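Novice: Protein sequence lines, in the order shown, are assigned to chains C and W.
Per our numbering, the first sequence starts with residue 121, numbered consecutively.
Per our numbering, the second sequence starts with residue 13, numbered consecutively.
For glycine and all other residues, C-beta sits at the position ideal for the given N, C-alpha and C.
All of these numbers come straight from a predicted model, not from anything done at the bench.
Below you'll find the structure I mean.
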Amino acid sequence: MASKAKPGALLLQDGSLWRGLSFGAKTTSVGEVVFHTALSGYQEILTDPSYRKQIITFSSVQIGNQGFHSEDFESKRVWASGCLVRDYSEPLYHWRKENSLDEILKQNKTPALSGIDTRRLILHLRENGNQWGVISTETDDLKSLKKHLQKTVSMQGLSLTQEVSTSKMYTWTEGSSALLNSPITTPANKRVVVMDFGVKHQILRYLIDSGFKEAIVVPAKTSAKDILALKADALFLSNGPGDPAAETEIVSEVKKLIGEFPIFGICLGHQILGLALGLSTFKLKFGHHGANHPVQNLRTGKVEITSQNHGFAVSAEEIAKHKDIEVTHLNLNDQTVEGFVHKKYPVCAIQFHPESAPGPIDSTFTFKQFYEGNFHI
Amino acid sequence: MPKREDLRKILIIGSGPIQIGQACEFDYSGTQAVRALKAEGYEIILVNSNPATIMTDPELADRTYIEPLTAETLEKIIAIEKPDALLPTLGGQVALNLAIELHEHGVLETYRVEVLGASIPSIELAEDREKFKNLMVELDLPILKSKVINNLSDGVKAADEIGFPLVLRPSFTLGGAGGGIVYNKSELSDRLTEALRASPTSEVLLEESVIGWKEIELEVMRDRKDQMVVVCGIENLDPMGIHTGDSITLAPIQTLTDKEYQRLRESAKKIVRGVGVETGGCNIQYALDPHSDRWIIVEMNPRVSRSSALASKATGFPIAKLAALLAVGYSLDEIKNDITKETPASFEPVIDYIVVKVPRFAFEKFSATEPLLGTQMKSVGEVMSLGRSFKEAFQKAFASLELGNKGLLLPKSWKPEEVKLETIRRQRFDRWWLMAELLRAETATIEEIHEATQIDRWFLKQLEEIIDYEKELARMKFAKVGAKEFRKAKNFGFTDEVLAVLWKTPLEKITAKREKCEVEASLNQVDTCAGEFEAKTPYYYFAYENYPSALPDKIPVKNKKEAVIILGSGPNRIGQGVEFDYCCVKSAQAIRDLGFEAVMVNCNPETVSTDYDISNRLYFEPLQKEFLERIFKEENKFGKIRGVLCQTGGGTALRLSQQLDSKSILGTPSAQIDRAEDRAKFDKVLTKLKLKRPESKTVNRVEDLKKVCANLGYPVLIRPSYVLGGRSMHIVRSEENLNRILQTFSTASDIEFPLLVDRFLDEAIEVDVDCIGDSKAVVVLAVMEHIEEAGIHSGDSSCSLPSLSLSNAMIDKIRKTSIQLGRELQLSGFLNIQFAISKKNELYVLEVNPRASRTLPFVCKATGTDWVRAGIHAMLGKTFKEQELVPPPLYPADFQHYSVKAVVFPFLKFPGVDVLLGPEMKSTGEVMGVGEDFSEAFMKALIASSHRLPKSGSVFVSVRDSDKEKLIEICQKLKALGFRLIATHGTAAYLRKLGIVVAGINKVKEGQPHIVDAIINGQIDMVINTTDSESAISDSYSIRRSALQTGVPYFTTLTAAKAAVHSLPRYIRGELEVRALQSLPFKGKTSTLGTNYGTRTRTNDPRGLRKTSKGTRTNQNGRAAS
């Protein structure tokens, strides 16, 4: 495909134009341009619903090599608005390859560009912050690209959970088998409700691995009453896209559930728990998107290498003022909050991704703690 | 966890001479460790026998011992220094083995020395294959079917259970020596016997073969808090079956999915914990079935390795430095990332480029062995390159190799009939060029190549795309080429040099047009974090973008001073190794001392020079004009370039000096360098100065060779006009001899005419002289006398400083001649001259090298003076007068100790190769022995170069007729020392006639039991064997080879044998002392420039080292003193 690829381009809100060669779907789309520094796992990243309305720049230069495989989807489809790479290559052979990235992007109507000067783009985003952009595989004409960016948009204030959440409740029972340290413990009858703000499959698999018999996945807007009616043993708040502060409805329902049973939130779930406990969130300059962030677990004192994907964070100053909330995890790169527990209620929130996919699996034991309902160890 | 305050003195062991499988990567790791720990306030004791290393620079450690790396020596040092701890994980396998030996001898316990990094039990656990295997089973981690055996019959039984093909891995060996793949039962017993012998513990692992599986390595670090990070994952392009040191490797891993990778990462954590590596770096190797979910752990090294040096350079994460800091108690989160200076080191580097490492081989020097790759490492060096795509990095690496051919274009020496699948299936070392050619000629498909090599198709596809575009480029007309084509070609990694071939256009025109098209490489910083954080460390490379942004990476400019650009020496090879890196690194320091900025350019990832801490800026780029010009342009953007230093990077840098703008070259003018390098011009120099050189003729046609040789008179020396390390040099003693050599010439099509034919000076003494000059004055630094006679390549000879047998008058003559030559060549910087002194005591000039030489680091250490600094300062305008430099002593009587350089050879790695020495250099590394007299120094040099010398027993002698007379004295001496003499019947009869008692033994052709049987059976403790005629060489080949393989010390020149025998008494009496360089009595020290610049005031003799009389010394080797 590469030889006959058409020129395409990315235009950022600040007016900078970044040229490349088209692949994926022939279309034009807008979103927040972010960068991801993981060395592997483009499939997991592109299919993670948290990337809704984001155009992902991969810092790793060779993308596409291993193709796409059914077991590595983190949801049923690609959610990102676009994909920017330095060098795309078709997978010629991988023993479990089923599709190429190009095919999958075409199926999902997602545009992509290769040949982008990704390093300079990333330095630009680092210096100037993430911003809205338009990616087009149809045109590289500045004027026509500009039209798509006339309205100033920002991720701030954007509620996106409805777009990615399941519309119907369903039950998940599959665990993971591919990983070494997935402890399958004795089967129990505990059930967990998962509020789906854009949940990744790997989270569901780990919930099962940690001991839950089943995970009942409910739509994002499910009321506290309906959740309680399910009589589950625990509640999980999933990851997801957008600004947590825009999810006021969800926050108020979650508020009602605190103290009812152990609650565990990851990523957006972490931020929503923070908001429900009266904390506030803020937008990071260029977010954390990578698989190498050192997070100190303040209880063990040890550093865990974590998988990260978030553009917002819970305010550290407010936690410091809150006498019942204890920060449990700290990002050592920029000292932002990566996790907390409530001292009275069984509530645990983790900002990073202990389920990895992609990334290191140093922190999966938090799922185990959740299953045991004990966050205070 | 802060650093430990209970430790004060730490002993670090280096890895000894450069060998295949253990090269200067350990100089890099050791140097980093010494620097890091000294900065923390610890007192560092360093031991290494290799004088060419940076780590043995006396300015680095507090106490530096250049002593043999044996448990005995170490014990002596420990007894003197009483260190609190020993750090053995940075000196390769040698240091690790020594730590175990010291533990077994109870030395560590006696002196209460704590082992840092890895405990003795964990070293044993990782190194002992059986224990390691059991641990993996316990941890429920996948391994191969295998069995450890200690004898042949168990081995045969085990092979039946495992099935063929199977792999042999002897325990405790370097670079897989003695190992290999066995395909069938009939090969088994021979190979197994060899493997059992290679292992110091007679232990061999037999293992199921996973040939063709993907090979992946992880570099892991752990600290005392049990925090772990994987610094880098490395993928081998050449799959299992080819030693990773011989494989092309790359980072990051390209053909694994995230889950496949994370699985390995998880297991790495378990393994490191399980083995109990407390702190530091380790390396784990995996094999993955490319067609299923199956994977296994191959092995782990509980120490830093060649791969960790590569990983450090590839990512910017300094593994060895961190390993040293972790060993003394720090935890990863307490240390800052060296590159960002803000974020912590407890993270995993990510990179936004591709790194490719390509090995360099030296099979051409060992033509008796087939140039095939296997599980035993054969490469002698490597290059690394960084690019923004695989194709760019891959082609850039090939451009860095300096092989004479261009990129992936076929070397002209190749025969068309070899370009076939069969050759690559046999794993010939040059198969990547063959694969390129097969794809170019479309005689094989990716599938066929994959089937023959098991190389992942992704890489082959990349190669095919390169070749497809190469063909497209070749079809284009240069006149029609525009920016678009240039940009794509550059993106694919084509160098201007290759484009010049493809477009049949001079290089200058290609470069000019490319520049006109504004196709220029972008500057990139190596930052460990793919741009996420600002990097403070000036480590750069260039790469081409398809659509370069107008917002480039910038070099932060702060009080920019004038820069001096240092050209490194590129990949290690036989003839050009770590000694040049020493000179480059010392130059960087000297340049910075004068207030200039040192800018380093090199492409060898094993080196200290490519440590970003050494220079103000490091550019990791090929040493080629095109790449250098881009660097000059960048440097010029924000400051003045004072000049380019081409004298310390060996032949590589010197050759480049002739291609660059002569005004920019520092030191000796370009035209004078040409006068020294060009043979015809140099002949005129000699004529002008009325100096002698062996009579010589240039031969342009092979037909003329015979006549020219006859006219000059045999023996003659034949060599190509351009040589490195004496490649393709021959000493020809007769016409019959010449005919045989002519045959080899006809098959070796890379022999380039003209050839030079010199009259060869038989039995001459060879002398190496190093000088420095400041444009006006020339100072002779050392007159080194070779132990072996002229005709043995100077790089393969042992040499002594001061000289052994030269009269003061001769030394004076050498000094004056050297100064005369230096002045004539307007010497500014360094000069090395090789002289020969004929039997008639006439002085001949053999050659000059207008640059820092192989021997310069040895001279610096033997004289205790930083001559590199003096030379560099002179080149930068500071005269010797201003430096208050005092010439060093040259007469033996003025020396207070002797230093002897000896070398090590890679013969064991090349089956079927004879160990005889000649004008072609074959050694890979060197050692130094220091002693109060020549005997002690020479004996220590022999021990350091792994000669297991006997204190009693039987010595076998068999020498050529011309040596027989000189043998008498050696035999008498041996007899007096209580040795039993054994000789072949001819030699025995000769000796008996002279009244020497000697036992006779059969030559091999005389039938069994013969001499080789006796060697194999351990009845011979030392071999002295010299030969001349063709038939004698082939007759006695098996004697030398079996001595080599059984580890019996052997001497193939009578001069070396004589020196050894004369030195034996001291060894037998056990009178070998250890001395730190810092406490050696160097002549005339002054402190004007910090280190040992001399006044002539005689120091006292604090340690009583001057007890031998001058007379015994100068006559030591039996040569006339005047």
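Verify the CB distance criterion: does W138 of chain C have a CB-CB separation below 8 Å to chain W?
Specialist: So, interface residue.
Novice: Starting from the beta carbon of G161 of chain C, find every residue of chain W whose beta carbon is closer than 7 Å, and list them in chain order.
Specialist: Result: D270.
Novice: Would you identify the three-state DSSP class for S812 of chain W, choosing helix, strand or coil?
Specialist: The answer is strand: DSSP assigns S812 of chain W an E or B state.
Novice: Would you mind reading off the limits of the alpha helix (DSSP H) that contains G998 of chain W?
Specialist: Here the alpha helix (DSSP H) through G998 of chain W covers 997-1005.
Novice: Here's the rule: buried if 16 or more other CB atoms are within 10 angstroms of the residue's CB, otherwise exposed. What is E121 of chain W?
Specialist: By the 10 Å Cβ count, E121 of chain W comes out exposed.
Novice: Hey, how far is the Cα of I481 of chain C from the Cα of A610 of chain W?
Specialist: Each residue's Cα considered, the two are about 43 Å apart.
Novice: Quick check: is any heavy atom of the ligand NAD less than 7 Å from the C-beta of P466 of chain C?
Specialist: Ligands are entirely absent from the displayed structure, and the ligand NAD is therefore not among its contents.
Novice: Report the residue from W:S746, W:H1022, W:D593 whose alpha carbon sits nearest the alpha carbon of M67 of chain W.
Specialist: Ranking W:S746, W:H1022, W:D593 by Cα distance to M67 of chain W puts W:D593 first.
Novice: With H, G and I counted as helix, E and B as strand and the rest as coil, what does DSSP make of Y8 of chain W?
Specialist: Summary: the structure shown does not reach residue 8 of chain W, with chain W confined to residues 13 through 1134, and so no result is reported for it.
Novice: If you draw a straight line from the alpha carbon of G1030 of chain W to that of V967 of chain W, how long is it in whole angstroms?
Specialist: If I take the Cα positions, the gap works out to 11 Å.
Novice: Can you give me the C-alpha to C-alpha distance between E875 of chain W and F917 of chain W, rounded to a whole angstrom?
Specialist: The amino acid at residue 875 of chain W is misidentified as Glu; the sequence shows Thr. Those two C-alpha atoms are separated by around 26 Å.
Novice: DSSP three-state label for R745 of chain W, please.
Specialist: Coil.
Novice: For a minimum of 3 consecutive residues, which ranges assigned as the beta strand (DSSP E) are wholly contained in the stretch 143-184 of chain C?
Specialist: Counting only runs of 3 or more, we get 148-156, 174-178.
Novice: Which parts of the stretch 336-387 of chain C are runs of the beta strand (DSSP E), unbroken and 3 residues or longer, counting only runs that do not cross its ends?
Specialist: Runs of the beta strand (DSSP E) inside the stretch 336-387 of chain C: 354-357, 383-386.
Novice: Under DSSP, the alpha helix (DSSP H) around I255 of chain C begins and ends at which residues?
Specialist: Unbroken run through I255 of chain C is the beta strand (DSSP E), 251-256; no alpha helix (DSSP H).
Novice: Within the stretch 64-96 of chain W, note down every full beta strand (DSSP E) run reaching 3 residues or more, in order along the chain.
Specialist: For the stretch 64-96 of chain W, whole beta strand (DSSP E) runs of length 3 or above, ordered along the chain, are 75-77.
Novice: By alpha-carbon positions, which one of W:E394, W:L384, W:K521, W:N417 ends up nearest to R440 of chain W?
Specialist: Minimum Cα distance to R440 of chain W is reached at W:L384.
Novice: What do you reckon, are the CB atoms on D258 of chain W and P371 of chain W nearer than 8 Å?
Specialist: The answer is yes: Cβ separation under 8 Å.
Novice: Residues in the same chain with beta-carbon distance under 7 Å from L180 of chain W, minus the five sequence neighbours each way, listed in chain order, please.
Specialist: Same-chain partners within the cutoff: G191, G192, V194, R203, L204, A207, V216, L218.
Novice: When the Cα atoms are used, what is the spatial distance from P212 of chain W to G431 of chain C?
Specialist: Straight-line Cα distance between these residues: approximately 58 Å.
Novice: So, with DSSP's three-state summary, where would you put F968 of chain W?
Specialist: DSSP places F968 of chain W in strand when its eight states are reduced to three.
Novice: Could you check the C-alpha separation between L204 of chain C and S234 of chain C for me, to the nearest Å?
Specialist: The straight-line gap from Cα to Cα measures roughly 6 Å.
Novice: Below 8 Å on the Cβ atoms is my guess for G362 of chain C versus L280 of chain C; work out the distance and round it to an integer in Å.
Specialist: Indeed they touch by this definition, with Cβ atoms about 3 Å apart.
Novice: Under a Cβ-count criterion, where at least 16 other Cβ atoms within 10 Å of its own Cβ denotes burial, should R325 of chain C be classed as buried or exposed?
Specialist: Buried, by the Cβ-count rule.
Novice: Whose Cβ in chain C lies nearer than 8 Å to the Cβ of H303 of chain W?
Specialist: Per Cβ cutoff of 8 Å: W215.
Novice: Between L132 of chain C and chain W, is the shortest Cβ-Cβ distance under 8 Å, so that the two count as touching?
Specialist: No, L132 of chain C lies away from the interface with chain W (no Cβ there is under 8 Å from its Cβ).
Novice: From which residue to which residue does the alpha helix (DSSP H) around T523 of chain C run?
Specialist: One cannot answer for residue 523 of chain C here, as it falls past the ends of chain C, which runs 121 to 497.
Novice: What does E373 of chain C touch in chain W if you count any residue whose Cβ is under 7 Å from its own?
Specialist: In chain order: nothing, as chain W lies at least about 34 Å away.
Novice: Between S190 of chain C and chain W, is any beta-carbon pair separated by less than 8 Å?
Specialist: No, because no Cβ of chain W sits closer than 8 Å to the Cβ of S190 of chain C.
Novice: Helix, strand or coil: how does DSSP classify L338 of chain W here?
Specialist: If DSSP states are grouped into helix, strand and coil, L338 of chain W belongs with the helices.
Novice: Do you know how far the Cα of R642 of chain W is from the Cα of Y1105 of chain W?
Specialist: For Y1105 of chain W, the predicted structure reports a pLDDT of 31, less than 50, and the residue's modelled location is therefore unreliable. A value from the coordinates is still provided. If I take the Cα positions, the gap works out to 39 Å.
Novice: Provide the residue span of the beta strand (DSSP E) that contains F460 of chain C, from first to last.
Specialist: Residues 457-462.
Novice: Considering W292 of chain C, what are the terminal residues of the beta strand (DSSP E) in which it resides?
Specialist: W292 of chain C -> beta strand (DSSP E) spans 290-292.
Novice: Under a Cβ-count criterion, where at least 16 other Cβ atoms within 10 Å of its own Cβ denotes burial, should M13 of chain W be classed as buried or exposed?
Specialist: It is exposed - the Cβ of M13 of chain W has fewer than 16 other Cβ atoms within 10 Å.
Novice: Kindly list the residues whose CB is nearer than 7 Å to the CB of S285 of chain C, restricted to its own chain and excluding five residues on each side of it in sequence; keep chain order.
Specialist: Result list for S285 of chain C: D316, F317, G318, P339, A340, in chain order.
Novice: Within 10 Å of its beta-carbon, does N844 of chain W have 16 or more other beta-carbons around it, so buried, or fewer, so exposed?
Specialist: Classification of N844 of chain W: buried, given that the 10 Å Cβ count is 16 or more.
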